[in-house]
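Chemist: Residue numbers (the working numbering): -3 to 237. This is the structure, below, for whatever I ask next.
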Amino acid sequence: MKRKLLYLLVLLTLISTVSIANASDIINANLFKGSMIINNAEFRKANDPLNDLVYYKERTYVPVREFVERTNGRISYDGDKNQISIEQGNDFEFTPEISNENKDNDFALSIHSQKETYPAHEPIKIFAALRYLNDESLQIQHGQPVIKFTIKDESGFTVSSSVQDVLSTTKVNPFYQTFRALPYTDLENYNYFRFGEENYLKMEQPWLLPKGTYTIEAATEYTTGESDRHSIKTTFAILVD
């Protein structure tokens, strides 16, 4: 009888331990039913039952992949390490290791890279700047975005940024300057078109360039008046090793 009671106590203890362990994975949280704006774009509508966010201990939690990608970052998951990796969107917050610049009578176009040689596991950090040189205002017509990038590898394979054909009109004043970072989408497009959809979908981080030497070009095209067309290009080479 005592042995049966001992077995019963052990069984109840095990059941209780499992229940407590399971309960520790459960949280009591509320739903955040307000709206959320990211970079002046609506991320969540207020009182949308399909897109409620979790509110817990005075913090609001958002879907990490959706949030990162909406802010021009990239996210990947390593199942073996059970690890999430996040790369923030390309920016201009770095001291360039290499730069180059070309100009015409109106503008100077420069391109800058954080490094000349990148390890294969690191994202490429490059931006371009378009600077107006004159003292009088000028009206120009141009595509969007005004700065586009081209990536060319050692074999000559080339991918360029997409540019809207519909022209925008911009009045540039003295000291006008605009910047554009090399977007992750351009790097992803290179891998997609270079290696094909099947291989692209197998890549854990398709915004990273494979090992090799690449020529990166920044270019701008604009018109002044009805037919006076202008084009500026500047390039440099980087190594992914």
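Each residue gets a CB set at the ideal place from its N, CA and C atoms; glycine is no exception.
(1) Identify every residue that forms a DSSP beta bridge with GLN173.
(2) Could you give the distance in angstroms between the alpha-carbon of GLY221 and the alpha-carbon of THR146?
(3) With respect to the beta strand (DSSP E) encompassing LYS256, which residues constitute its N-terminal and C-terminal limits?
(4) Should the segment 109 to 119 be called in touch with the segment 149 to 163, which here means at least 3 C-beta pairs below 8 Å?
(5) With LYS207 as the anchor, note down where its beta strand (DSSP E) starts and where it stops.
(6) Do you know how far the Cα of SER31 is from the Cα of GLU38?
(7) Taking the beta carbon of LEU178 as the centre, do at least 16 other beta carbons fall within 10 Å, making it buried, or is it exposed?
(8) Buried or exposed: where does ASP182 fall if 16 or more other Cβ atoms within 10 Å of its Cβ makes it buried?
(9) Put PHE239 into one of helix, strand or coil per three-state DSSP.
(10) With three or more beta-carbon pairs closer than 8 Å as the criterion, would you say the segment 128 to 142 touches the segment 87 to 98?
(11) Our contact map puts ILE107 next to ALA25 with C-beta atoms below 8 Å; I'd like the distance itself, whole angstroms only.
(12) Would you list the residues sitting across from LYS99 in a DSSP beta bridge?
(13) Confirm, please, whether the CB-CB distance from LYS229 to ASN96 is below 8 Å.
(14) Could you tell me how far apart the beta carbons of VAL236 and PRO206 are, in whole angstroms, since I believe they sit closer than 8 Å?
(15) Are the Cβ atoms of GLU150 and THR231 separated by less than 8 Å?
(16) In the DSSP output, which residue or residues are listed as bridge partners for LYS167?
(17) I need the DSSP call for ASN187, collapsed to helix, strand or coil.
(18) Measure the alpha-carbon distance for THR211 versus TYR186 and round it to whole angstroms.
(19) Please report how far the alpha carbon of ILE11 lies from the alpha carbon of ASN78, in whole angstroms.
(20) Are the Cβ atoms of LEU204 and HIS117 separated by less than 8 Å?
(21) My output table needs one value for THR91: the three-state DSSP class, helix, strand or coil.
Modeler: From the atom records:
(1) ARG127
(2) 27 Å
(3) Not covered by the structure: residue 256. The range shown for the chain is -3 to 237.
(4) no
(5) That residue, LYS207, is in no beta strand (DSSP E); it is neither H nor E in DSSP.
(6) 8 Å
(7) buried
(8) buried
(9) Only positions -3 to 237 of the chain appear in the structure, and residue 239 is not among them; the question remains open.
(10) no
(11) Their Cβ separation, rounded to whole angstroms, is 47 Å, which puts ILE107 and ALA25 out of contact at 8 Å.
(12) ALA104
(13) no
(14) 7 Å
(15) no
(16) GLN135
(17) helix
(18) 13 Å
(19) Unreliable positioning characterises ILE11 in this predicted model, as indicated by a pLDDT of 40, which lies under 50. The coordinate reading is nonetheless provided below. Their backbone Cα atoms lie some 28 Å apart in a straight line.
(20) yes
(21) coil
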